[in-house]
Each structure stands twice: as structure tokens, then as C-alpha cells.
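Have a look at the structure below before the remarks.
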Ligand SMILES: NC(=O)c1ccc[n+]([C@@H]2O[C@H](COP(=O)([O-])OP(=O)(O)OC[C@H]3O[C@@H](n4cnc5c(N)ncnc54)[C@H](O)[C@@H]3O)[C@@H](O)[C@H]2O)c1
């Protein structure tokens with residue numbers, strides 16, 4: 468296969484620490500262009516990584532017809548606008564989450580992808596974690612065979628912690644100001660709630676997206692109850708995900724590791740998984756399977772190969788799948804549901820605030 472010729476937009480934190488090194492390490496990918504509006508930073512990063520060409524911004528990079536696919540990481544609302552422009556310019560796109568901060572913005576991005584026939588993958592790296600792949604497989608198997616009884620309940624707990632884990636990949640910075648980002652939050656959200664809406668969405672979009680995937684729920688998801696503190700962040704939301712009650716527990720804890728786990732209950736057992744701190748390289752989610760009955764047992768399946776990093780696997784997946792006709796595992800169309808659910812949650816929350 469001819470290598471995928473990739474361009475990268477934005478060389479801030481996620482680009483330097485995670486995505487540029489990962490894409491450069493995928494054998495079938497060649498990073499041939501970088502765009503950064505902070506020109507001094509762009510030059511420094513281009514030189515350090517030895518990237519052949521540097522562009523002023525994403526629009527200039529998009530003019531290079533040799534570039535077939537582009538990866539983007541920028542501000543929450545800005546990166547969706549950049550992705551939309553690149554799709555319209557005929558590029559396949561990998562972008563960081565969140566895809567969009569309103570359903571209206573999300574629909575415009577999906578429309579740009581459908582019109583141009585180019586694919587968009589959203590960086591929900593948890594769907595590419597090798598431990599989470601085991602969870603997904605086993606839950607599907609237990610539902611199909613009925614060997615643990617009926618699936619009764621699922622929960623996700625995400626209190627955060629230290630996600631950077633002392634990752635010592637080099638990071639260049641300059642004192643050039645960051646570009647301003649467009650305000651794209653839904654108009655119906657009153658000004659005082661916009662900051663907390665964005666904070667809640669950008670953190671927990673991962674968790675909702677993961678639970679929908681574990682349960683194969685697609686767009687069949689509704690909100691049953693919302694109980695959040697006045698900060699619009701700490702609390703519990705109850706979902707109906709294709710007939711299954713799912714709770715999402717959200718909040719903060721000061722923790723040197725990362726306090727996030729998911730548990731899927733059957734009548735006679737469970738599948739439980741603990742997420743690794745995000746930037747802890749080469750550490751997949753841990754998985755525990757409990758089977759009740761006469762001979763009770765707990766097993767802890769270990770993915771093979773054993774030491775993998777979700778972010779590196781998502782880069783490999785993008786390169787391997789960008790040219791085929793199948794939708795990505797974390798496609799733009801599928802992500803529409805996550806964006807819709809945050810508006811649904813906040814509609815209820817704001818109404819409760821009176
Ligand atoms: N998947 C995860 O676990 C995870 C973790 C952290 C952050 N993120 C997401 O990553 C995104 C990026 O975060 P970050 O901390 O790397 O941001 P950042 O601000 O450090 O970097 C963004 C860069 O993009 C540049 N830029 C903006 N517009 C541009 C344009 N039109 N052309 C070229 N360059 C442009 C900016 O100058 C900046 O250098 C955020 O949206 C965040 O939600 C995801």
C-alpha cells in the first residue's frame with residue numbers, strides 16, 4: 468500500500484505530546500506538512516520533528532493536493548470548524564474530541580463529510596484501548612449466549628485525577644498568543660452556564676461515548692434523570708441506553724492516578740474495567756470478569772499484545788482504515804449522538820436551576 472500522506476493542524480499540547488509522535492511512528496503514514504498559526508512555534512516544532520513543509524494555517528495546508536488526510540487538535544469549538552473546512556477541501560480528517568459543542572455545529576460537520584465523500588474520525592481513544600476492546604467483546608458474547616443471565620445495569624464513574632502522568636515527551640512553547648476561538652455553544656444556553664457546559668462536555672463526552680459503544684446502543688439513548696450540583700459538573704445522570712439503565716457519576720478528586728471505572732452487571736456476574744490515566748503510555752484498561760454460580764471465579768484477561776497505548780492504537784486505526792469504505796469506529800455520524808445528549812442533559816439541568 469502507498470503510504471498515507473498526512474498533514475497536521477496545530478502544534479499545541481496534544482499534538483506535540485501525543486499525536487505527532489504517534490502518527491510519525493506508524494509505518495504506513497508519512498507526515499509531510501504542519502500548519503500552525505503561531506509561526507514561531509510552528510517553525511520550532513517543524514524543525515524538531517523534521518516535517519518537510521510548514522503552512523500558515525489549515526486553509527493553506529489544504530491547498531497541497533499531495534496531502535490525502537489531515538489530523539487536527541485545537542480549541543474545543545475551533546477544531547470542528549477547521550475539520551469542516553478540511554472535509555470541504557477534499558481531505559479525510561482525524562480530529563480531537565469534542566467534534567462539536569452544539570448539535571447545530573455537529574450537523575454542519577457531518578454534512579460537510581457527506582457532501583465531499585470524505586471520512587471523519589473523532590479521537591475517542593478509549594474505543595481503541597485494547598482492554599476496552601476485550602470488554603466490548605465479552606459483553607457482546609455474554610448477551611448473545613445468556614451465560615451470565617440478563618444484562619441488568621451499567622455504571623461509569625469518572626472523578627479524574629492526574630491525567631498527564633509526568634509524560635516526558637519534549638514540548639516547545641512560545642509566548643505568541645493563541646488564536647481566538649469562535650463561540651459555538653447552543654444559543655439557548657444562558658451566558659453564566661456556558662463555561663460549565665463546555666467543561667462538563669469536554670470531559671464526559673469520552674465516558675458517554677464509551678458506554679454507548681460497550682452496550683452497542685447507537686443513537687437509542689435518552690436521559691432519565693439529571694442530578695448535578697449548581698456547578699453543572701458534579702453529580703449523577705441516569706440514561707436509558709437501548710433499554711439498559713446506565714449511570715454516569717461525575718466529579719473531581721485530587722488523585723495522583725486516575726479515578727475512572729465502568730461496570731456492566733448481569734444477573735450472574737459482571738464485567739468491570741479500570742481506565743488507565745490518559746497519558747500513561749503503554750498501559751491499557753484493566754479488565755475483571757466475575758462469574759457467580761456454583762464455582763465462582765474472577766478472571767482478569769490481559770490483552771495481547773500486552774503493553775499498548777490507546778492513543779497510539781487510534782492513530783494506527785485511522786491510517787489503516789482511512790481509505791476503505793467502512794465508517795470509522797468513532798465516526799462523525801455516531802458522534803452526533805454524544806453532542807445531542809449534552810444539550811439534553813443541560814436543558815434539564817438549567818430548567819432545574821429555575
Ligand atoms: N483525547 C483526549 O484525551 C484529550 C486530552 C486533552 C485534550 N484533548 C483535546 O485536544 C484539543 C487540543 O488541545 P491542546 O491542549 O493540544 O490545544 P492547544 O491550544 O495547546 O493547541 C492548539 C494549537 O492549534 C493552533 N491553531 C489554532 N487554529 C489553527 C489553524 N486554523 N491553523 C493552524 N493552527 C491552528 C493554535 O495556535 C495552538 O497552537 C482540545 O480540543 C481538547 O478537547 C483531548
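In the working numbering, the protein residues as written are 468 to 821.
All C-beta atoms in this analysis are idealised placements derived from N, C-alpha and C, irrespective of residue type, glycine included.
Here the structure is a predicted model, which means the values were calculated and not measured.
The bridge partners DSSP lists for residue 599 come to none. Distances from the CB of residue 540 to the heavy atoms of ligand 1 include at least one below 7 Å.
Boundaries of the beta strand (DSSP E) harbouring residue 725: 725-733, taken from the DSSP string. With contacts defined by Cβ atoms closer than 8 Å, residue 806 and residue 514 do not form a contacting pair. In this structure, residue 521 has its CB at a distance of at least 7 Å from all heavy atoms of ligand 1.
The secondary-structure analysis by DSSP pairs residue 540 with nothing; it has no beta-bridge partner.
At a threshold of 7 Å, residue 590 counts as near ligand 1, since its beta carbon sits closer than that to one of the ligand's heavy atoms.
Here residue 739 is buried: its Cβ has 16 or more other Cβ atoms, across all protein chains shown, within 10 Å. Apart from sequence neighbours up to five positions away, the residues of its chain that approach residue 488 with a beta-carbon distance below 7 Å are 636, ordered along the chain. Placement of the Cβ of residue 638 at a distance of 7 Å or more from every heavy atom of ligand 1 is found. Residue burial annotation: residue 723 is exposed, with fewer than 16 other C-beta atoms found within 10 angstroms of its C-beta. In this structure, residue 486 keeps its C-beta atom at 8 Å or more from the C-beta atom of residue 777. Within 10 angstroms of the beta-carbon of residue 480 lie fewer than 16 other beta-carbons, which makes it exposed. Between the segment 543-553 and the segment 561-569, the count of C-beta pairs closer than 8 Å reaches three or more; the two stretches touch.
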